[in-house]
Each structure stands twice: as structure tokens, then as C-alpha cells.
Amino acid sequence: MSRRLQGSIKNILTRAYFKYAGHIFSLLPWLLNFIPPRTLVVEASNMCVLNCPACTTVNLSKRAKGKMSFDVFKILLDGIDWKPKQINFSFAGEPLLNHELFKMIRYAKGKGIDSVVETNGMLLSGCIDELLDSGIYKLNIAFDGISQENISKYRRGMDFNVLLSAIRQLVATRARRNLQKPKVHLQFIVMKHNQDYIDRAIEMAKELEVDAIDFKSMIISVGLGFDREARQKHALEYLPDLEEFLRYKQIEGEWQLKETYRGFCTQVLSDAVIMWNGDVTVCSMDVQGDLVMGNILKSPLRKIWVSNKYSDLRQRILRRQLESCRDCGYLLGIFKTVKVRN
Ligand SMILES: C[S@@+](CC[C@H](N)C(=O)[O-])C[C@H]1O[C@@H](n2cnc3c(N)ncnc32)[C@H](O)[C@@H]1O
Ligand code: SF4
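Heads up: the sequence shown at position 17 corresponds to 16 in numbering that gives the first Met the number 0, and the numbers run straight through without jumps.
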């Protein structure tokens, strides 16, 4: 079969999935008993060294601060009877603050599960060999600016030189050790103050010899919880003018989500979020822990995933009955990857 035909079939199936899957699973929720989560979103820590204004983790979260222990992680993985596609250590907070992170990644790798980590890079230079030894599959590093002044408009507390030097050190050590992994992606959230520097950022990604740079659209509330006033303030201050990178549009003078193209939240069908203390929440925007469905220290993840409580909430989300989903930026992500290395 030609590549073109394969691509067309994939497109048709994807469109059909987004059109019908929400309805199917909301009418037949028991189907999910046979489909455990493909991705585990694991919160290594809900603390951070930076203070990004639209991030609920550092500005709002009412949850206790902490780091997941290896013991809790082991209970999670030993308790699952299927093989998730990947573990994503990118819920709230900075994962590299957790000194047991690489032990967890190694343990997951031992079970054949790949790990992805999202980091602001501030603590990266201190753990490069450990990171490379862990077998981590992919590292996404925050890189939404081209100078100290530019990047710290949003990444408050970021030291740009520390970031640059950590990326250089990582890429050089990976090459010296002749390793192909992890894939290293820079992550550039397009905002008002950096939208004119997209080309320069691509040049810098090439100079830094990373694998790719991802351009993401900004969310005005990373996590549920900011009130209307705070969201509008973030919108005014940070949303870019570039239409192609806007999840929002102005309706009657207020920034609101553009109509959703997905039609439903795919996340509730595919991801389970496990917080540092073992709590399981339905949604990777639930940084404040308002939608916790159980705890893996009391009950295995699959049992929580198929519980009536989880199924009822999942159904309400799929039917768009949950008020907190109304303004969720996650429903409309815009993502563009520029590969800079073969
Ligand atoms: C809460 S952060 C935690 C990981 C890490 N501390 C970091 O910032 O990369 C999870 C993801 O949200 C992204 N993020 C932060 N602020 C954002 C915003 N306003 N819009 C979209 N994504 C954002 C981060 O770049 C990261 O990929
Ligand atoms: S977005 Fe990431 S780096 Fe910024 S404050 Fe939140 S957790 Fe920290």
C-alpha cells in the first residue's frame, strides 16, 4: 500500500474517531473496562523552582506539596496488569526535583514502558549521566525565549545561561556516549513577547544540536482554578497575535476558547493521572485535586479506572456536563514540530 493511501486511511479513521468515540463511550461506558489507560501521567513532584504566571501549581494549588517516593511508584507499576504505551512525568511541578525520578524511569524501562519527562531545565546539568543511564525515551525542555530578558517574561526565575549550558552538556554527553536516546525536544510556547523570535529559536535549536523544537499554543490557565479575571489578565499579557497559535478568540470583549474541533476530551479515555501521594484524578488539568477518584495505595489503578464513581464522572465529561471543562484549553491544542536534526 502506498504511503499516500496509508496517510488518507489514517486521516479518515482519526476523523471518525473524534466524531464518534465520545458518543460511543458515553453510551457504552462499560467498554472502557476492556481498555485500560494507554498513558500514565505521573506527578514526580508538585513543587517548582520557577514561577510561571499562568501555572496553577505555583500560584494556586491547595494540595500539600510533595514528591512521589519510589515505593509509591513501584506499587503503581506492580499493580497494573497491562502495558501502558508510556509514562509521562509532566503533571504539576518540576519532575527533576525528585531525586528518585531516574530510578522510576529505569524500573518502568525494565517492564518495557517508555518514559517522557517535561522539564524547565534548571536542574538538568546536575543529573545528566544519571538521566542518560536511566533509559529515558524523550526529554522536553522549556525554551520559550531567546535571551534572559525575553524568556523570563513568562518563565520567572529562569536563568537562561544555566539552561543553555545544560542543553549543550546533555547533547554533548549523549553524543560522546554514542546514545540515540533520549530524543531531546525544545518546547516553545508561543506568546506575545516571543512570537517574533520563532525563526531565531529554530536557529538556536540547530546550533544546540537538539532533535527538534515544538511550538505550542498558550493556555491561559495551566490547570483548572484561575478565575475569569485572572484568565483575562493572562490573555491580555501573554496571548500572541499569530492566529495560527491561538486557542482563543475575543467574544464580546472577552478571550474565550475557539470552538473545539475534537468535540470531546480524548484524555479521559486514554490517560490516568497519578499524583505524588498516589491519588488518581480523571484530568491532567486537575492540578488542585478536585476530581480525585481514589488512591493506588488503597486500590489498584484498574479498579479505580472502572469504578462507578470514575465512570459516572467520565460520562459527564464526555457529555460536556462538567462546568470546569467549559474553558479548558486542553480541548484545543495547537502543536507544530520542527525537526532540526536527522
Ligand atoms: C506544569 S508544566 C510541568 C513541567 C515543567 N515544570 C515545565 O514547565 O516544563 C507541564 C507543561 O505545561 C507547559 N506549560 C507551562 N505554561 C504553559 C502555558 N501557559 N500554556 C501551555 N503550556 C504551558 C510546560 O512547558 C510543560 O510542558
Ligand atoms: S509551568 Fe513548569 S516551570 Fe513553570 S511554574 Fe509551572 S511547573 Fe514550574
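All C-beta atoms in this analysis are idealised placements derived from N, C-alpha and C, irrespective of residue type, glycine included.
Alpha-carbon spacing of residue i relative to residue j, whole angstroms
{"i": "Val209", "j": "Arg340", "result": "7 Å"}
{"i": "Ser306", "j": "Asp80", "result": "16 Å"}
{"i": "Val115", "j": "Glu228", "result": "34 Å"}
{"i": "Met0", "j": "Lys9", "result": "13 Å"}
{"i": "Gln168", "j": "Asp132", "result": "15 Å"}
{"i": "Glu98", "j": "Leu30", "result": "Reading the sequence as shown, one finds His at residue 98 and not Glu. Going from the Cα of His98 to the Cα of Leu30 covers about 38 Å."}
First through last residue of the beta strand (DSSP E) which encompasses residue i
{"i": "Gly229", "result": "According to the sequence shown, residue 229 is Ala rather than Gly. Ala229 -> not in any beta strand (DSSP E); alpha helix (DSSP H) instead, spanning 227 to 237."}
{"i": "Tyr153", "result": "Element bounds for Tyr153: n/a, residue is neither H nor E."}
{"i": "Asp270", "result": "270 to 273"}
{"i": "Ser114", "result": "113 to 118"}
{"i": "Ala141", "result": "137 to 141"}
{"i": "Gln194", "result": "Note, Gln194: premise wrong, no beta strand (DSSP E); not H, not E."}
6 Å CB neighbourhood of residue i in its chain, flanking five on each side removed
{"i": "Asn160", "result": "none"}
{"i": "Ser60", "result": "Val286, Gln287"}
{"i": "Met274", "result": "Glu42"}
Under 8 Å between C-beta atoms of residue i and residue j
{"i": "Thr56", "j": "Gly222", "result": "yes"}
{"i": "Lys215", "j": "Ile188", "result": "yes"}
{"i": "Val279", "j": "Asn294", "result": "yes"}
{"i": "Lys84", "j": "Thr38", "result": "yes"}
{"i": "Ser124", "j": "Ala171", "result": "no"}
{"i": "Tyr247", "j": "Leu256", "result": "yes"}
{"i": "Arg62", "j": "Asn50", "result": "no"}
Spatial neighbours of residue i in its chain, beta-carbon cut-off 8 Å, leaving aside the 5 residues before and after
{"i": "Ser283", "result": "Val40, Phe90, Gln266, Asp270, Val272, Tyr329"}
{"i": "Lys182", "result": "Tyr136, Lys137, Leu138, Asp210, Ala211"}
{"i": "Phe225", "result": "Ala53, Thr55, Asn58, Leu59, Ile219, His233"}
Cβ-based burial, residue i [other Cβ within 10 Å; buried from 16]
{"i": "Ile316", "result": "buried"}
{"i": "Glu148", "result": "exposed"}
{"i": "Thr118", "result": "buried"}
{"i": "Tyr153", "result": "buried"}
{"i": "Arg155", "result": "exposed"}
{"i": "Ile34", "result": "exposed"}
{"i": "Glu93", "result": "buried"}
Own chain residues within Cβ distance below 7 Å of residue i, not counting five before or after
{"i": "Gly134", "result": "Ile104, Arg105, Lys108"}
{"i": "Asp113", "result": "Gln85, Tyr136"}
Endpoints, the alpha helix (DSSP H) within which residue i is located
{"i": "Ile127", "result": "127 to 133"}
{"i": "Ala200", "result": "197 to 207"}
{"i": "Val286", "result": "Where Val286 is concerned, there is no enclosing alpha helix (DSSP H), given that its DSSP letter is neither H nor E."}
Beta carbon proximity, residue i to chain B, threshold 8 Å
{"i": "Leu130", "result": "No chain B appears in this structure, which consists of one protein chain only."}
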